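The listed protein sequences derive, respectively, from chains A and B. Note that the working numbering gives residue 1069 to position 203 of the first sequence, counting from 1, and the numbers run on in steps of one. Note that the working numbering gives residue 168 to position 142 of the second sequence, counting from 1, and the numbers run on in steps of one. We treat Cβ as the ideally placed atom computed from N, Cα and C, and that holds for glycine. Remember, it's a predicted structure, so these values are computed and weren't measured experimentally.
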Amino acid sequence: MRSDTGKLSLILLMAPFALWIVLLIALPQFGIGYVSLREKVGPGEYELGFANYTAFLGEPIYWNTLLRTAWMSILVTFLALVVGFPVAYYIAKIARKRARAGLFLLCLIPLWVSDLVRAFGWIVLLRETGIVSSSLQWMGVISGPVELLYNDITVIIGLVYTVVLFMIVPLVSTLDGMDDAMLEAGYNLGGSRFTVFRRIIVPYAMPGLVAGCIITFMLTAGSYLTPILLGGKNSSWFTEQIYNQFITRYNWEAGATFGVLLLAFTSLVVWVGLRLTGQSLATTVAKE
Amino acid sequence: MKASLKLLLAGTALSLVAGTVSAETLRLMTWGSYAPEELINKFEEEYPDIVVEVTFSNNEEMIAKLRATGGSGYDLAQPSHDRIFSAQQEYNIYKPLDLSQIDTSVMSENLLEGVKANTTIDGEVYAVPHQWGTSGIMTNKSVAPDVTGWNDLCDPAYEGKTSMRLRRTILLGTAFGMGMDPFALYDDPEAYQDMLDQVTEKLIDCKSVIKTYWTGGDDLAALMLSGEVVVSETWDSTAYKLFGENPDIVFVPPETGALAWIDTFAIPRGGEADDAAYKWINFVMRPENVEIMSASTGAIAAVPNGIDLLPEDKRAAVQAAFEDTDLENLKFFANIPAGIEDMEGLALERIQAAQ
């Protein structure tokens, strides 16, 4: 009797989660996978095959864009780590207890505005007739207007800004659990600041660090607005290719193929990253 | 992206407001500014049992959305005249029009016949014209007075100060500018690919000259009004709007002919309010309503005296831009045969990806 009610409540508790996974994650993925295997042979006629995948490999633009997206995403992840680690360390270890919540909140505030608005914020700042260009002219640093938009550096700055928070949060929660006594012990045993950082702080923070890297990498590789709006004529981001295939070329088969490839490729990068750092999903993003 | 998102938000807001009364609903999918609030209110006053819900979109999204639902979800769509034939053949997303329900007598004869010729499949007509306009060049006379055609977009004299929209229009315009006629090559895929390769090469060289690709009217307006861009590909209606704010900004029909499009009315296959759709078509084509519509869109209604029904400032802009010879030289978009868009899509991706 008791075990029956237990079962029932377990089923009821799991139902929303199971429905979510099946209806919103698994089914669409299978759908996309199926569409990617359809070959178009004529108007309205399809057969199953791998033509879309061979077409992807045969066109350098596509895999170059995928590699470029992956490489820039890795760079963004690294920069987010460099920017985010000191911030996280300050919040978790140096700031006074009372200031912590406030600092954390300050980090969260940019998230209250949508991605789109934040990207336009950068446009207003960086465009040729924008705030940065005109203030530099006013100060006499440069003689004519300067265009700071529409290049890869701007895209990277914009992306780092968008994702850095997702690096800070897991780092703070990991570093928060670190006992200060460990650091003191390190110094007492004659370790320099660098040694303590390398041998104690980094290994301790590793799970949070890897979790942050995975989240920021996935977010960056899948982002759409920031690279399109800030990159201008030279941006080619893989998500844009997917959009183009679906919307402007009516080629759902190729679009679905690109979607599958993006998922497979980013998963591969994450897997390699986990292997290199000796971590696993269970010790990082799925940590209790 | 920016413009379409904004429009989406605007459309959602409108539909929320409109959805409060229970009555027959006309779900209209159209271009930004093609459903001015004033006209919707007037229409709902005249037909109190119909509520109009508007979604703003563009040619590609209209087809993609209707394809996704097999033609349902909307009761009236407004694709351009050249985007109906192949979309209908391939995806079967529209239903034939009942011309007896439409007052075609108010429409300008040549545009009506042109659209009918473009959209007749198996003897059934799928669209009638609504408004027309052109794509060409916009220039800031005070800085770039000698602009005459598509080639000026790639003129190194304006390095860093030109812009274009990376869509099929610029491929066609550039081809005309290079002395070719893409519409004549539509039936010969090999020759068309050859032409596309030349155009691609030219536009890749051109990337060092242009500042950025614009993506919507708002985007383009900001670039032109700030003076960051002085020569750009444009829709004429956008240029007319900017003319009102800065009379130095004028529309220049390219010497090879401005590319003319006609936006139409077509009824999606799954449309559930055909009556209301026909009422809307007849309603907006009435002269007094044409004026309100044209004031909002800046495009010219497909009625015999369409230019006269433009508001004064826009009529002045049209007259400043077009001589009679330019009007005779218009190049109307020809029906796109299946497969051509795919070739163009690849060309556009090559250009975008080139560094």
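- Within chain B, not a single residue places a beta-carbon under 7 Å from that of Tyr956(A); the smallest gap is close to 36 Å.
- For Tyr919(A), not one C-beta of chain B is nearer than 8 Å to its own C-beta.
- Under the 8 Å criterion on CB atoms, Gly149(B) is classed as non-interfacial with respect to chain A.
- Taking 9 Å as the Cβ-Cβ cut-off, the stretch 997-1031 of chain A approaches chain B at Pro1011, Glu1013, Leu1015, Tyr1016, given in chain order.
- Per the DSSP secondary-structure output, Trp287(B) pairs in a beta bridge with Gly159(B).
- Residues of chain B whose Cβ lies closer than 7 Å to the Cβ of Gly915(A) do not exist; the shortest such Cβ separation is about 18 Å.
- Taking 7 Å as the upper bound on Cβ-Cβ separation, chain B lies near residues Leu982 of the stretch 975-987 of chain A.
- The three-state secondary structure of Glu317(B), taken from DSSP, is helix.
- Taking the beta carbon of Tyr239(B) as reference, the chain A residues within 9 Å of it are Gly1098, Lys1099, listed in sequence order.
- Here Met55(B) is bridged, per DSSP, to Thr81(B), Ala103(B).
- The beta strand (DSSP E) runs lying completely inside the stretch 147-206 of chain B and spanning 3 residues or more are 154-166, 188-190, given in chain order.
- The residues Gly159, Thr160, Phe277, in chain order, have a CB closer than 6 Å to that of Asp262(B) in the same chain once the five nearest residues on each side in sequence are set aside.
- Note that the C-beta distance between Ile236(B) and Thr165(B) is not below 8 Å.
- Around the CB of Pro894(A), fewer than 16 other CB atoms lie within 10 Å, so the residue is classed as exposed.
- The beta-carbon of Thr1123(A) is placed no less than 8 Å from the nearest beta-carbon of chain B.
- Annotation for Leu268(B): no beta strand (DSSP E) segment contains it, though the alpha helix (DSSP H) segment containing it runs 262-271.
- A direct Cα-to-Cα measurement between Leu903(A) and Ala884(A) gives close to 27 Å.
- Of all C-beta pairs linking the stretch 995-1011 of chain A to the stretch 916-930 of chain A, fewer than three are shorter than 8 Å, placing the two stretches out of contact.
- Annotation: Cβ neighbours of Gln1107(A) in chain B (cutoff 8 Å, chain order): Glu375.
- Taking CB atoms only, Lys167(B) has no neighbour in chain A less than 8 Å away.
- One Cα belongs to Val1126(A), the other to Thr935(A), and the distance between them is close to 15 Å.
- For Thr238(B), the uninterrupted beta strand (DSSP E) run begins and ends at 236-239, by DSSP.
- Shortest Cα-Cα distance from Trp937(A) to any of Leu1095(A), Leu1142(A), Arg1141(A), Val1135(A) involves Val1135(A).
- In the three-state DSSP reduction, Ala327(B) falls in the strand class (E or B).
- Residue-level contact by beta carbon holds for Ser1102(A) and chain B, with a gap shorter than 8 Å.
- Pairwise C-beta distances place the stretch 100-113 of chain B in contact with the stretch 282-300 of chain B, as three or more of them are shorter than 8 Å.
- Contact note: Arg993(A) reaches chain B through Ser252, Glu254, using a C-beta cutoff of 8 Å and chain order.
- Your pair Gly1078(A) and Gly968(A) does not check out as a contact, with CB atoms roughly 22 Å apart and the cut at 8 Å.
- Following the DSSP letters along the chain, one finds Lys233(B) in no alpha helix (DSSP H), marked with neither H nor E.
- Asn918(A) sits away from Asp368(B), with the two beta carbons spaced by 8 Å or more.
- For the stretch 880-902 of chain A, no residue has a beta-carbon sitting nearer than 9 Å to a beta-carbon of chain B.
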